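Trainee: Numbering (the working numbering), first residue to last: 447 to 826.
So that we are looking at the same thing, I have put the structure below in structure tokens.
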Ligand SMILES: *Cc1c(COP(=O)(O)O)cnc(C)c1O
């Protein structure tokens with residue numbers, strides 16, 4: 447790669463609060479999904495801007511997934527506008543008649559999950575029949591038809607000339623709890639509901655792909671694991687091979703000495719118990735750093751973990767550098783990424799990695815790299 451390009455990337459990366467996205471890691475994580483569920487087709491879930499990583503660049507890397515899953519019509523349209531040709535499924539949206547018409551024209555699959563969505567579908571005329579994912583409620587109680595009576599529904603859809611292909615799906619409430627029997631109960635209920643129907647079955651999210659092999663069936667629906675995060679946060683042989691895709695970084699913009707007993711930040715909520723060095727980093731809740739991160743949340747500076755101290759403000763956080771006195775203004779600070787597990791940051795903030803990833807602020811600079819352009823920066 448040309449030297450000038452490396453320089454440009456390096457400059458931009460070190461000058462602003464940056465989310466560095468390693469696109470090769472996404473392709474790698476898809477290969478881990480295939481390894482975990484070798485007999486299943488893969489719906490790569492890229493809703494919410496691909497979990498905050500950027501809808502279009504991520505969709506392009508996932509072009510050999512068997513289809514793409516989004517939550518809203520707008521996301522499906524954005525993919526088509528960008529020339530993405532893969533099959534797309536819209537998982538959780540309201541479809542009016544015009545939407546159904548667009549889906550038919552743009553080759554977008556929809557989820558039929560209740561009487562209302564079914565009736566709206568059956569009352570339209572369409573340029574060509576739609577592919578349908580028929581959703582069954584096996585205990586999540588959010589979307590889906592009750593598990594009795596699936597046969598009748600299937601027959602109704604099957605004989606409609608508005609409908610092309612039909613698949614059956616359900617969603618797990620507790621797949622990330624490896625000891626929780628609810629997942630087996632949901633699976634059994636789904637299998638019974640669909641037992642006399644000849645159609646592909648789709649149940650597993652990332653946690654189920656990693657922890658519940660009996661749920662893999664014909665299709666799996668990985669989201670978070672494509673971004674390199676272990677939803678179980680309990681590494682097994684497969685999840686250990688996932689590579690975090692996003693690295694969130696910024697820089698130290700100030701360092702100061704303060705005396706024992708001094709306080710730091712809004713509300714003067716944190717007080718030193720020794721003479722201390724405080725570092726200020728250019729990232730705040732407006733960038734997506736969680737405002738509720740507790741004192742002691744780790745930040746990585748020159749590969750050393752230093753603790754967050756004081757409240758997170760809109761544009762800055764403060765860290766205690768007393769035990770890392772060589773840190774200096776201009777040094778890079780890593781907030782999460784391959785070298786600092788986002789699950790740890792999420793736990794310290796009473797949230798989950800999903801929320802951190804999808805909350806990255808609008809002003810954050812996004813850098814899209816492959817392993818080659820990332821060099822040591824992202825090596826794991
Ligand atoms: C978001 C979503 C997924 C992906 O879940 P992960 O936990 O991120 O793997 C799968 N299925 C449905 C219906 C979803 O809404």
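Built from N, CA and C at the ideal position, the CB exists for glycine as well.
Nothing here was measured: the structure is a model prediction, and the numbers come from that model.
1) For the candidate residues 815, 557, 633, whose alpha-carbon lies nearest to that of residue 542?
2) Just verifying my parser: in three-state terms, what is the DSSP assignment at residue 713?
3) By the 10 Å Cβ neighbour count, where 16 or more other Cβ atoms means buried, how is residue 712 classified, buried or exposed?
4) Answer yes or no: the CB of residue 653 versus the heavy atoms of ligand 1, is any distance below 7 Å?
5) Flag this pair as yes or no: are the beta carbons of residue 728 and residue 464 separated by less than 8 Å?
6) What does residue 583 pair with, by DSSP beta-bridge criteria?
7) With distances taken from CA atoms, which of 622, 781, 618 is nearest residue 636?
8) Can you tell me where the alpha helix (DSSP H) with residue 522 in it begins and where it stops?
9) Report yes if the CB atom of residue 734 is closer than 8 Å to the CB atom of residue 475, and no otherwise.
10) Using only alpha-carbon positions, find the residue among 536, 518, 499 that is nearest to residue 580.
11) Taking residue 479 as the reference, which of 662, 613, 808, 587 has the closest Cα?
12) What is the DSSP secondary structure of residue 430, counted as helix, strand or coil?
13) Tell me which same chain residues have a C-beta within less than 7 Å of the C-beta of residue 826, skipping the five on either side of it?
14) From residue 592 to residue 627, what does the alpha carbon distance come to, in whole angstroms?
15) So, helix, strand or coil for residue 734, using DSSP?
16) In terms of residues, what are the limits of the alpha helix (DSSP H) holding residue 503?
17) Beta strand (DSSP E) containing residue 479: first to last residue?
18) What does residue 650 pair with, by DSSP beta-bridge criteria?
19) Check whether the segment 751-760 and the segment 679-695 touch, using three or more Cβ-Cβ pairs below 8 Å as the test.
20) For the alpha helix (DSSP H) containing residue 549, list its first residue and its last residue.
21) So is residue 573 buried or exposed if we call it buried at 16+ other beta carbons inside 10 Å?
22) For the candidate residues 643, 642, 639, 684, whose alpha-carbon lies nearest to that of residue 655?
23) Determine the direct distance from the alpha carbon of residue 707 to that of residue 714, and round the result to whole angstroms.
24) Does the pairing of the segment 517-536 with the segment 696-704 give three or more beta-carbon distances under 8 Å?
25) Taking the alpha-carbon positions, what's the residue 442 to residue 716 distance?
26) Which one of 472, 641, 489 has the shortest CA to CA distance from residue 504?
Mentor: Looking at the atomic coordinates:
1) 557
2) helix
3) exposed
4) yes
5) no
6) 592
7) 618
8) 519-527
9) no
10) 536
11) 662
12) A question about residue 430 goes unanswered here, because the residues of the chain that appear run from 447 up to 826.
13) In this predicted model, residue 826 has a pLDDT of only 34, less than 50, meaning its place in the structure is not dependable enough to derive any value.
14) 20 Å
15) coil
16) 501-507
17) Where residue 479 is concerned, there is no enclosing beta strand (DSSP E), although the alpha helix (DSSP H) it sits in stretches over 469-482.
18) 666
19) no
20) 543-552
21) exposed
22) 684
23) 11 Å
24) no
25) No statement about residue 442 is possible, as the shown extent of the chain runs from 447 to 826 and does not include it.
26) 472
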